[in-house]
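Notes follow the structure.
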């Protein structure tokens, strides 16, 4: 039973961090918010225009047949950067979605920078 409580507490703390970060981050059509989500198996990201509430571009490691590790995060970010460039987006606001800026989340952001997207 304590494992369930520990997991619930972990998720609650991430949601709390997410709300605190999202209070200061806002995406527009020219500079959308890139929100990342990671599970134990997969990584997904989307570029969001918060003014209209629209997703401008999205990607998932599941559709690419990749897992949720750092090497996959780099490949997913490279593909996502090409989608953003095709949509005419060069600058974004990075939303780590309550996750610590470490591991997969940091690798994804660094790979976006390497592929020409300004964060």
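Residue numbers (full-length UniProt numbering): 1 to 119.
Glycine included, C-beta positions come from ideal geometry on N, C-alpha and C.
Supposed contact pair residue j and residue i - C-beta distance, whole angstroms, cut 8 Å
i	j	result
residue 96	residue 105	5 Å
residue 80	residue 45	6 Å
Boundaries of the alpha helix (DSSP H) in which residue i is found, first to last residue
i	result
residue 14	2-22
residue 39	Where residue 39 is concerned, there is no enclosing alpha helix (DSSP H), given that its DSSP letter is neither H nor E.
residue 80	70-86
residue 61	61-64
DSSP three-state assignment for residue i, whether helix, strand or coil
i	result
residue 91	strand
residue 104	helix
residue 56	strand
residue 31	coil
CA-to-CA distance, residue j to residue i, given in whole angstroms
i	j	result
residue 76	residue 60	7 Å
residue 78	residue 13	30 Å
residue 109	residue 42	16 Å
residue 120	residue 39	Residue numbering for the chain in the displayed model covers 1 to 119; residue 120 lies beyond these limits and cannot be assessed.
residue 36	residue 115	17 Å
residue 54	residue 99	23 Å
residue 82	residue 62	18 Å
residue 70	residue 4	27 Å
residue 6	residue 21	23 Å
residue 89	residue 15	28 Å
Cβ pair residue i, residue j closer than 7 Å
i	j	result
residue 17	residue 25	no
residue 48	residue 68	no
residue 119	residue 101	no
residue 87	residue 56	yes
residue 66	residue 117	no
residue 19	residue 91	no
residue 107	residue 73	yes
Start and end residues, beta strand (DSSP E) containing residue i
i	result
residue 45	43-49
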